[in-house]
């Protein structure tokens with residue numbers, strides 16, 4: 003009877019995922035109410051010049067961004083700081099992660115909100131002002147729920163999924179608000195080569211995309227290290243130990259350089275810094291190419307299909323540059339294609355890493371507890 007009662011009690015205890023989903027409902031309501039009130043107060047008290055469509059969109063996106071920051075911090079701090087032994091270095095590292103991820107998430111939500119509102123405004127025209135409040139309230143309710151759940155259940159797959167949405171939203175918003183309608187006829191850098199709102203949006207998007215790549219790279223190296231320690235039980239005594247350390251160091255270096263190069267493109271605009279801009283814009287091809295070519299040696303756990311895709315992407319980019327050199331296409335098309343393929347490859351890479359993580363967690367159930375305890379877990383593993 004006691005065993006049966008214990009089972010019933012355990013069934014009534016919410017797990018980590020259920021708790022996150024439950025709290026997410028309340029954060030959705032709170033975010034919707036907060037953003038709706040801020041939007042209503044703003045439209046009632048702002049001067050006429052601040053009620054222009056573009057400024058209304060900017061301000062409501064700022065309101066949503068601020069609420070997103072609070073929701074994300076609550077979800078991630080609750081998840082990340084509660085399951086680990088608290089040491090000074092660990093708290094510093096986790097605080098750095100929290101700040102970086104909060105900035106990426108909040109800016110992503112702000113860009114997505116602005117892009118969606120801009121799209122709706124173009125459809126509705128002058129009547130957009132009458133429908134902005136319900137549109138913003140609807141977005142706020144979704145954001146409040148989604149952001150908290152993702153923050154509480156954060157994985158590298160979540161960040162990898164956010165990356166393309168963030169980049170596409172930022173570039174789309176910059177292109178739609180640019181005062182140069184023919185920027186695409188020159189090259190992609192033309193979009194960010196000004197001091198206008200659109201140029202700042204574009205450059206900020208590129209900078210945060212590079213920062214996101216660095217965060218994903220950190221999780222990737224952590225997972226690969228855990229994979230090696232777990233499935234090579236006595237790896238400290240194996241002769242290839244030094245080889246693994248070398249492979250891990252090279253992988254971390256190339257991933258870090260690629261992320262920094264991507265950030266540099268947005269940090270240094272072409273007009274005041276032409277040399278630095280070209281170094282970062284064209285230099286990013288080097289670490290990305292080395293990553294694709296060296297992937298079979300750097301990360302041996304990947305599938306053969308992923309190695310094939312890496313080689314295929316390189317071949318397509320080389321062919322595109324040959325076409326441009328022969329005058330068949332514009333440099334903008336080649337740059338856009340290379341950027342999309344590089345970013346697509348990085349997203350595939352991060353998804354492969356999360357697949358390895360999922361397979362490892364499944365394999366842990368079949369291993370002795372002492373081995374699992376000794377080998378440890380990767381950075382994003384948490385107890386239920």
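In the working numbering, the protein residues as written are 3 to 386. By construction, the Cβ of each residue, glycine as well, lies at the ideal position given by its N, Cα and C atoms.
The beta carbons of residue 315 and residue 162 sit no closer together than 8 Å. By the criterion of at least three beta-carbon pairs nearer than 8 Å, the segment 51-58 is not in contact with the segment 92-100. A contact between stretches requires three or more CB pairs, one per stretch, nearer than 8 Å, and the segment 336-356 meets this requirement with the segment 276-294.
Here the alpha carbon of residue 344 sits roughly 21 Å from the alpha carbon of residue 226. For residue 285, the enclosing alpha helix (DSSP H) covers residues 276-285.
The continuous alpha helix (DSSP H) containing residue 138 extends over residues 130-154. DSSP places residue 360 in the helix class (H, G or I) of the three-state scheme.
C-alpha of residue 198 to C-alpha of residue 180: approximately 8 Å in a straight line. In this structure, the straight-line span from the alpha carbon of residue 364 to that of residue 48 is close to 55 Å.
Look at residue 302 here: in three-state DSSP terms it is coil, with no helix or strand label.
Taken through DSSP and simplified to helix, strand or coil, residue 183 comes out as coil. With contacts defined as CB atoms closer than 8 Å, residue 269 and residue 209 qualify as a contacting pair. DSSP, read as helix, strand or coil, puts residue 124 in helix. Where residue 21 is concerned, the enclosing alpha helix (DSSP H) starts and stops at 18-47.
Between the segment 27-43 and the segment 134-150, the count of Cβ pairs shorter than 8 Å is three or higher; the stretches touch. One Cα belongs to residue 126, the other to residue 33, and the distance between them is close to 25 Å.
Residue 196 is classed as buried because its beta carbon has at least 16 other beta carbons within 10 Å across all chains shown. C-alpha of residue 78 to C-alpha of residue 329: approximately 50 Å in a straight line.
Assigned with DSSP and collapsed to three states, residue 70 falls in helix. Residue 148 places its beta carbon 8 Å or farther from that of residue 108.
138 is the residue among 97, 336, 138 and 131 whose C-alpha sits nearest the C-alpha of residue 112.
Taking a cut-off of 8 Å on C-beta distances, the segment 246-260 does not touch the segment 274-281, as fewer than three cross pairs fall below it. Within the same chain, 266 come within 8 Å of residue 281 by CB-CB distance, once the 5 residues on both sides are set aside.
Residue environment analysis places residue 46 among the exposed positions, since fewer than 16 neighbouring C-beta atoms fall within 10 angstroms of its C-beta.
Residue 120 sits close to residue 175, with the two beta carbons spaced by under 8 Å. Rounded to whole angstroms, the Cβ separation of residue 169 and residue 211 is 5 Å, and the two are in contact under 8 Å. Under the three-state reduction of DSSP output, residue 54 falls in the coil class, being neither helix nor strand. Judged by DSSP in its simplified three-state form, residue 329 adopts coil rather than helix or strand. Ranked by Cα distance from residue 303, the options 60, 216, 76 and 246 are led by 246. In the three-state scheme derived from DSSP, where H, G and I count as helix and E and B as strand, residue 78 is classed as helix. When DSSP states are grouped into helix, strand and coil, residue 90 belongs to the helix group.
Here the alpha carbons of residue 80 and residue 60 stand approximately 30 Å from one another. Note that the C-beta distance between residue 253 and residue 311 is not below 8 Å.
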